[in-house]
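Read the structure below first, then the notes.
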Amino acid sequence: MKLSYLWKGLPGHPIHPPLTDATIGTYTAATVMALASVVGIAEHGAAHGWWLALVIGLISTALTATTGFADWLTIEWGSPLWWTATWHMSSMLTATVFFLIATLAGHDGYTRGAVGAGPLILTLVGFGFLTLGGWLGGAVVYVHGMRVLNLVGEPPGRAVTPAPHAEKERAEG
Ligand code: HEM
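Numbering (our numbering), first residue to last: 528 to 700.
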């Protein structure tokens, strides 16, 4: 057992990917609720939900970005994988800045129960960078194969056990 398993997860069971699901899901809900409010579907309730989802997304981002950063530090500097992961990081941090400004600028809309034009645009731009970052994160995993063990013949019981599959962990630079 390594201490780094606490923030990186186990070989075969990394922590960053499941956290990304929570973060992307929360920001997606925020974006949908912003649009719903603007077109008049549950206008006040959706505006409240939009702003609260942004706040929860920002909290979730702190954990998600920290675990991603821990993995990023292990990549060989300047390698092709490093470039893809660095573009991913840049896009996600840019999305976070837009969501943060939308949250700060949108508090007034939260109390009024209406999403303003500025915070709506900030939310939509943030969602655009989130989508781009998700695509790049997918390339890190599914093209470069980072943190993928590919143990095709692993017995199911062993595959799902929360224990390290250290014997064949892929070199990550
Ligand atoms: C809002 C913040 C972030 C989100 C939503 C996010 C999302 C994602 C997604 C969707 C993947 C692909 C996972 C999969 O489909 O299995 C991924 C992988 C990855 N991300 Fe992020 N990411 C975020 C922040 C960061 C940051 C700040 C870094 C680096 C400093 C980073 C580094 C990585 C790395 C190295 C991978 C490869 C897989 C792994 O290490 O677990 N991410 N990310």
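Backbone N, C-alpha and C fix where the C-beta goes; we use that ideal spot for every residue, glycine too. What you are looking at is a predicted structure, and each value in this text was computed from that prediction instead of being measured.
Which listed residue (the options) has its alpha carbon closest to that of residue i
i, options, result
"Leu590", "Met528, Ala574, Leu600 and Ala549", "Ala549"
"Met619", "Ala592, Trp610 and Ala557", "Ala592"
Span of the alpha helix (DSSP H) around residue i
i, result
"Ser617", "Pro607 to Ala632"
"Val687", "Pro683 to Val687"
"Tyr554", "His543 to Val565"
"Val652", "Ala644 to Gly665"
The ligand SAM heavy atom lying under 7 Å from the CB of residue i
i, result
"Trp599", "Here the bound small molecules are the ligand HEM; the ligand SAM is not part of this structure."
Separation of residue j from residue i, as counted between CA atoms
i, j, result
"Ala597", "Ile542", "10 Å"
"Gly605", "Met616", "14 Å"
"Val582", "Gly660", "20 Å"
"Trp534", "Leu546", "12 Å"
"Ser531", "Ser564", "43 Å"
"Thr611", "Trp662", "10 Å"
"Thr613", "Ile568", "38 Å"
Cβ neighbours of residue i in the same chain (closer than 6 Å, five flanking residues each side left out)
i, result
"His703", "In the structure displayed, the chain extends from 528 to 700; residue 703 sits before or after that span and is not available."
Outcome for residue i when other beta-carbon atoms lying within 10 angstroms are tallied against a minimum of 16
i, result
"Met528", "exposed"
"Trp577", "buried"
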